[in-house]
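J.:
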Amino acid sequence: MAENKPLNFQWAINHGIAEEMRRDPTVFLIGEDVGKPGGPFGVTRGIIQEFGPERAVDTPISEGAIVGLCCGAAAAGLRPVAEIMFMNFITLAVEEFYNQASKMRWMFGGQVKQPFVVRAMTAGGFGAGPHHSSSLEGWFASMPGMKVVMPSNPRTAKGLMKAAIRDDNPVLYVEPLASYKMKMIMPEGDYITPIGKAEVVKEGSDVTIVSIGRMLLEAEKAAAALEQDGIKAEVIDLLTVNPFDMETIYASVKKTNRCAIIHEAKKTMGCGAEIAASLQEDMFDWLDAPVARVAAPFTHIAFHPALEKHYLPDAENLIAKVKELVG
Amino acid sequence: MAENKPLNFQWAINHGIAEEMRRDPTVFLIGEDVGKPGGPFGVTRGIIQEFGPERAVDTPISEGAIVGLCCGAAAAGLRPVAEIMFMNFITLAVEEFYNQASKMRWMFGGQVKQPFVVRAMTAGGFGAGPHHSSSLEGWFASMPGMKVVMPSNPRTAKGLMKAAIRDDNPVLYVEPLASYKMKMIMPEGDYITPIGKAEVVKEGSDVTIVSIGRMLLEAEKAAAALEQDGIKAEVIDLLTVNPFDMETIYASVKKTNRCAIIHEAKKTMGCGAEIAASLQEDMFDWLDAPVARVAAPFTHIAFHPALEKHYLPDAENLIAKVKELVG
Amino acid sequence: MKISKDTKIDLYKRMVRQRTFEDNTTKIFAGGEMPGFLHLSQGEDAVAAGTCSNLTKEDVIFTTHRGHGCIIAKGADLKPMMAELFGRIDGCCRGRAGSMHFADISNGCMGSNGVVGEGMRISLGTAFAHKYNKTKNVVAVFFGEGATGTGAFHESFNMAATLKLPIIFVCSINLYAQMTPKEDHISIENVADRAAAYGAPGVTIDGNDVEKVYEEIDKAVKHCRAGKGPYMLECKTYRHHGHFEGDPCNYRPEGELEKWLKKDPIVLYEKKLKKEGVLDDKQIKELKEAAQKEVDKAVAFARQSPQPDIEELYKGIYA
Amino acid sequence: MKISKDTKIDLYKRMVRQRTFEDNTTKIFAGGEMPGFLHLSQGEDAVAAGTCSNLTKEDVIFTTHRGHGCIIAKGADLKPMMAELFGRIDGCCRGRAGSMHFADISNGCMGSNGVVGEGMRISLGTAFAHKYNKTKNVVAVFFGEGATGTGAFHESFNMAATLKLPIIFVCSINLYAQMTPKEDHISIENVADRAAAYGAPGVTIDGNDVEKVYEEIDKAVKHCRAGKGPYMLECKTYRHHGHFEGDPCNYRPEGELEKWLKKDPIVLYEKKLKKEGVLDDKQIKELKEAAQKEVDKAVAFARQSPQPDIEELYKGIYA
Ligand SMILES: Cc1ncc(C[n+]2csc(CCOP(=O)(O)OP(=O)(O)O)c2C)c(N)n1
Ligand SMILES: Cc1ncc(C[n+]2csc(CCOP(=O)(O)OP(=O)(O)O)c2C)c(N)n1
Ligand SMILES: [Mg+2]
Ligand SMILES: [Mg+2]
């Protein structure tokens, strides 16, 4: 089915889910307001109309039970796609991700699979305040058995959703509210974006920029600006933070000998820490400069827009950091 | 009050709590089985007898509510000391730590304090299996506003407990079941072990070993063995993983130019990642070798004792790693 | 229960003050001057007023993302409150918290909450402190019917009952949890019946009848002050606005809002007070104008308050 | 309800098989041959037997850290089960899970759980799958009275009721949550009364009367298969052993154990069956010997099974 008009991020997710629901009758949608209301932010509009209330299920406000239900349904052969709304609320389901879903297959000696997807939204940039704007993917990147994907644009949003639904492991799917209206012409036909595989979106020889999730926009902006100053940045869109595609990063750093990582989450204990630690451990002799991390500071995200803006990393911070590395 | 006989880790915690309860009537104990039963593993024996049931409160099995209660009681001027038993169950209170306790003071513009302590036990080494043996301090090290302490022996266990109870911030206190029977002669009188300050427990010039929590035993064993081979290791007992005392580590690495970190938690996204990332970022030119991490592999802890033993890092792994760095 | 004339006027004034404040924020928000998300409680005014009117200054409340009414009813100074909604440095929380995470400790609001249900878990501790310190103060924790699905509700009520903590659980049934209607996420008619699961009293009332709320809270407060543990009050009401400001509300059945507007708690009470001769049209007009004036001053205060400096981000993370 | 002779014998055999298995593990564990922690359910045998005897092979169960009885009652093959407790490669979970995290999917045990209450949350999904696939299968989820304090209990029951999922909540009241007695953490007498909070039936019975359990489960199963949503059964019983093997049990009032030993469900049932002429002493002896033989074989199987290789740690983390 060709899609020639530009599609936005929100609809890309929607289409990814709907296509998989058409393809596979074991896929169903569950969460707060995902059915009749069409999603708290409209992402699942039309799904209940096409697939009926059995496959688009509204629940009480019970994040733990929603993810617990996913574990049990997946173990019984279904493929749940759940929504947890703002990622901050995933704090209430850490138990089900960590002790249950991520371990179940291994712990039971392979007796079950855990094919389910949980969507969680990061909302940095909207003044939504301390309980609504966090990026917590780092915790889930620490869990063997879990996968965590961070789409960067409508194309990868749809491709990763389809890959996540087809994956036989629990996948946390992180979607940024700030990208919902981002539009692009989509690839035609049925495609997936493979999980665990980073994409080199711009080649360069002077420095490797590893970008996570919606920070790709900033990375691309920074790369363009750096180009003006004669610095050729290679930009990698990581797409997955569990498992980390270190191969792609290593290959790039072998060329550039320098690396900066940008992510919306806090710098302290963020995914950039793991990438930097691994890089220096495995590529010590290839590095001509420290691996830099451009990320949120060690404080809370504020309601106040200017404070929030300062908190969130952007192209400007990245440019400054890269110039330090290269200079 | 002099204590001249050797005291074990378990009683060191107990004494730390009891002394603070004597000193400050706002300190109270709360959790599952902490009162009448004297603690699920006997750590709080005698407390209810001395201080009465108002100050040693048994609760239903509700980890989220226990930590929530701590937030509310601390905001109202009390100093709760709670117990969550096995650290795996802290998954059920991540919400209260992250969205509530760690943010509350800052978010409310300084209107309240959050002086409370939550004890959580790591149980690696007992065949307790996948739901009982995790080391999850990394998640809490990522939370501004939280403090996380990891005592290494009876002396620091008592000193950190007393410091934690006196601290005006939420403190996660991590105690290893495997250390409960460890004994030592204790310092006399009222002392605290400061939070956020690492201790250099052995000086050396060839390599810095940063040890977290009960891994100190392994670090000391390794250092002794390395000494035999002419390698002088400086051993740092980190004691706190939020905030990280990078100053002490940096000062040491300036001397040794090499560093290995050992912790019981998984390597991936563990505290070692943050330390390594910061070290290479801030001390790039001082490092003669990559910062090494000796930690648990990216899998689950097994019930089977041999598998569990292999999973847990030890002196042997550390020695091998250090020899790589120095060799 | 005989309610005194003074109390009646107090109840009315609280509601008017709440409503005036919220109606003004609606306009200001629509004008783009207020950042973030805004969840308002017009229509549920009687629940907050009837409850808080019967609490002392030392009693405290916890509220939700939809907490303005409760906070004002509890006696908030409107100036720092409005400044907080504007994100200014003179806001109660220095512009860090905004509407959803607001607190005003000195006036007895121990916190709103962006996470549904969590106020209940935290309220346990404050109630515990009251019991521990042998004050007779109580805690009222407000929440919506959606919150009754959370583990927080159950753990909190169960623990409050076990430890005999002085907590009044005040549930405002406004028919929706975001856009999902009550019958799609709750399997019983009256959630106050859930109090029986903990051996506590649970009462369901018309939440638009402010005197009824006041009366029932009176029983609850006495129960709590007597050390008998928690008490639940379920107030059936309605929110006139959407889930958040800007919500198109297309999930509402036709005529629903209109039906409830006829039962507006302020309008109803006005009629009653006039009939009883407690207030006349002139007095009502004066009270409304006074409230508007107070709000105008709060808005002026907020507008002149400076934006926070960037350093505010890093200040006071640790005590 | 008339219970057939075959069913009576089946109930008895299940209990004897459970008990024999557990009594043997007690000895083996005391001998140091079994790693980890062990939580046994001798004394609560009738709850598991009475429930599982009334389930089909396609119905599934979820159980707890104290799950051996339930798993055996559901029809587990004792060999891989025992091998798992020994941590061997022929264990159901390849020696990774042990007693507390055990599962035997092909025989209908979808999992024990080391985290109190979590089996309930997961059971939602399996029940959902049955409903989704329009099978008439039901899910029985076992838990202790301690678990009724968890948010998991409430969220699960509430969601099951809302989505009308076929789940039988089977609560085994053994008087303790670890070392804390029921009255210290539960504020009501009968936790089955909590089912009313969700509009579901809740029944409290003598959990040591295996036929009573069987009869009540019959009603529950019919209710669930008819699509009427969840059902709660509370079984009052007692654990003869400590919380875990090795627990000195000094929290028990004197004489309590002795009192309950007189109400041992197997002893009681033996008497009843003999009186009814269903079984005689000889048959009883034979059945017990057969159970012991089966357990002996399981132990022999476990002992000869290899220890897992280290590579097992890294195998099968991802599908
Ligand atoms: C734990 C959690 N889950 C989901 C949300 C998103 N959310 C915000 S308000 C709301 C509905 C709350 O309904 P109710 O408790 O009835 O309160 P009301 O909004 O009607 O006042 C939801 C689901 C949240 N804030 N917290
Ligand atoms: C969430 C959680 N909290 C605490 C524990 C520790 N724990 C293990 S068993 C138990 C008591 C459970 O009591 P109950 O539900 O009555 O089951 P029983 O042991 O009596 O069978 C506790 C508190 C746990 N495993 N999980
Ligand atoms: Mg509502
Ligand atoms: Mg019990």
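Protein chains in written order, with our numbering: chain A, 1 to 327; chain B, 1001 to 1327; chain C, 2001 to 2319; chain D, 3001 to 3319. Beta carbons: idealized from backbone N, C-alpha and C, even for Gly.
With a cut-off of 6 angstroms, give the chain-ordered residues whose Cβ is closer than this to any heavy atom of ligand 4.
T.: This criterion selects D:3144, D:3145, D:3146, D:3174, D:3176, D:3177.
J.: At a cut of 8 angstroms, does the segment 251 to 261 of chain A reach the segment 193 to 212 of chain A through at least three beta carbon pairs?
T.: Two segments are said to touch when three or more pairs of C-beta atoms, one from each, lie closer than 8 angstroms; by this definition the segment 251 to 261 of chain A touches the segment 193 to 212 of chain A.
J.: Give a yes or no on contact between the segment 1168 to 1186 of chain B and the segment 1128 to 1148 of chain B, applying the rule of three or more CB pairs nearer than 8 angstroms.
T.: yes
J.: So, do the segment 3143 to 3150 of chain D and the segment 2146 to 2165 of chain C have three or more beta carbon pairs nearer to each other than 8 angstroms?
T.: yes
J.: Consider the Cβ of residue 3301 of chain D: report whether some Cβ of chain A lies at a distance smaller than 7 angstroms.
T.: no
J.: CB of residue 2066 of chain C to nearest heavy atom of ligand 1: below 6 angstroms?
T.: At least one heavy atom of ligand 1 lies less than 6 angstroms from the C-beta of residue 2066 of chain C.
J.: Between residue 2233 of chain C and residue 2295 of chain C, how many whole angstroms is the CB-CB distance? I'm expecting something under 8 angstroms.
T.: 28 angstroms between Cβ atoms; not a contact.
J.: What does residue 253 of chain A touch in chain B if you count any residue whose Cβ is under 8 angstroms from its own?
T.: Result: empty, since nearest Cβ-Cβ is about 13 angstroms, beyond 8 angstroms.
J.: Starting from the beta carbon of residue 3063 of chain D, find every residue of chain B whose beta carbon is closer than 9 angstroms, and list them in chain order.
T.: None at all; the shortest Cβ gap to chain B is about 14 angstroms.
J.: By Cβ distance below 7 angstroms, which residues in the same chain neighbour residue 1317 of chain B in space, the five residues on each side in sequence not counted?
T.: 1294
J.: Under 8 angstroms Cβ-Cβ, which residues of chain C neighbour residue 339 of chain A?
T.: Residue coverage of chain A in this structure runs from 1 to 327, which leaves residue 339 of chain A outside it and unanswerable.
J.: Here's the rule: buried if 16 or more other CB atoms are within 10 angstroms of the residue's CB, otherwise exposed. What is residue 1212 of chain B?
T.: buried
J.: Rounded to the nearest angstrom, what separates residue 3013 of chain D and residue 3123 of chain D at their Cα positions?
T.: 27 angstroms
J.: With a cut-off of 8 angstroms on the beta carbons, I'd call residue 2288 of chain C and residue 2016 of chain C a contact; round off their distance for me.
T.: 6 angstroms
J.: Are residue 3200 of chain D and residue 3230 of chain D close, meaning C-beta to C-beta below 7 angstroms?
T.: yes
J.: If we require 3 or more residues per run, which beta strand (DSSP E) segments fall completely within the segment 1285 to 1315 of chain B?
T.: 1292 to 1296
J.: Does DSSP put residue 1263 of chain B in a helix, in a strand, or in coil?
T.: Here DSSP, grouped into helix, strand and coil, assigns residue 1263 of chain B to strand.
J.: Who are the neighbours of residue 1086 of chain B on chain A, taking C-beta pairs under 9 angstroms?
T.: None at all; the shortest Cβ gap to chain A is about 10 angstroms.
J.: Does the beta carbon of residue 1061 of chain B fall short of 6 angstroms from some heavy atom of ligand 2?
T.: yes
J.: When the Cβ atoms of the segment 179 to 186 of chain A are set against those of the segment 124 to 137 of chain A, are three or more pairs found closer than 8 angstroms?
T.: no
J.: With a threshold of 7 angstroms on Cβ separation, who are the neighbours of residue 168 of chain A within its own chain once the five nearest residues in sequence on each side are excluded?
T.: 113, 115
J.: Taking the alpha-carbon positions, what's the residue 1018 of chain B to residue 3009 of chain D distance?
T.: Annotation: residue 1018 of chain B to residue 3009 of chain D spans about 56 angstroms, alpha carbon to alpha carbon.
J.: Do residue 135 of chain A and residue 301 of chain A have their C-beta atoms within less than 7 angstroms of each other?
T.: For the 7 angstroms CB-CB criterion, residue 135 of chain A and residue 301 of chain A do not form a contact.
J.: For residue 1 of chain A and chain D, any beta-carbon pair shorter than 7 angstroms?
T.: Caution applies to residue 1 of chain A, whose pLDDT of 46 falls short of 50 and renders its modelled position unreliable; the value that the coordinates give is listed next. Closer than 7 angstroms: no.
J.: With DSSP collapsed to three states, give me the class of residue 26 of chain A.
T.: Looking at residue 26 of chain A - three-state DSSP - the assignment turns out to be coil, as it is neither helix nor strand.
J.: Residue 154 of chain A: which of A:77, A:309, A:15 sits nearest, CA to CA?
T.: Restricting attention to A:77, A:309, A:15, the CA atom closest to the CA of residue 154 of chain A is found in A:15.
J.: Kindly list, in the order they appear in chain D, the residues whose Cβ is closer than 7 angstroms to that of residue 155 of chain A.
T.: Residues of chain D passing the Cβ test: none, with the nearest at roughly 25 angstroms.
J.: Alpha carbon to alpha carbon, how far is residue 2213 of chain C from residue 2207 of chain C?
T.: 7 angstroms
J.: Tell me, to the nearest whole angstrom, how far the beta carbon of residue 1209 of chain B is from that of residue 1219 of chain B; I am working on the premise that it is less than 8 angstroms.
T.: 5 angstroms
J.: Spell out a yes or no on whether the segment 224 to 234 of chain A and the segment 276 to 283 of chain A are touching, meaning 3 or more CB-CB pairs, one atom from each, closer than 8 angstroms.
T.: With the cut-off at 8 angstroms, the segment 224 to 234 of chain A and the segment 276 to 283 of chain A do not touch.
J.: Ordered along the chain, which non-local residues of its own chain (more than five positions away) have a Cβ less than 8 angstroms from that of residue 94 of chain A?
T.: 139
J.: Find the residues of chain A that neighbour residue 3100 of chain D, judging by a C-beta separation of less than 8 angstroms, and give them in chain order.
T.: Taking the beta carbon of residue 3100 of chain D as reference, no residue of chain A falls within 8 angstroms; the closest one sits roughly 10 angstroms away.
J.: Quick check on residue 211 of chain A: does DSSP put it in helix, strand or coil?
T.: strand
J.: Excluding the 5 residues preceding and the 5 following residue 2216 of chain C in the sequence, name in chain order all residues of the same chain whose CB lies nearer than 7 angstroms to its CB.
T.: 2203, 2205, 2233
J.: Of all Cβ atoms in chain B, is any one closer than 7 angstroms to the Cβ of residue 3184 of chain D?
T.: yes
J.: Distance check for residue 3088 of chain D and residue 1320 of chain B, CA to CA, integer angstroms please.
T.: 30 angstroms
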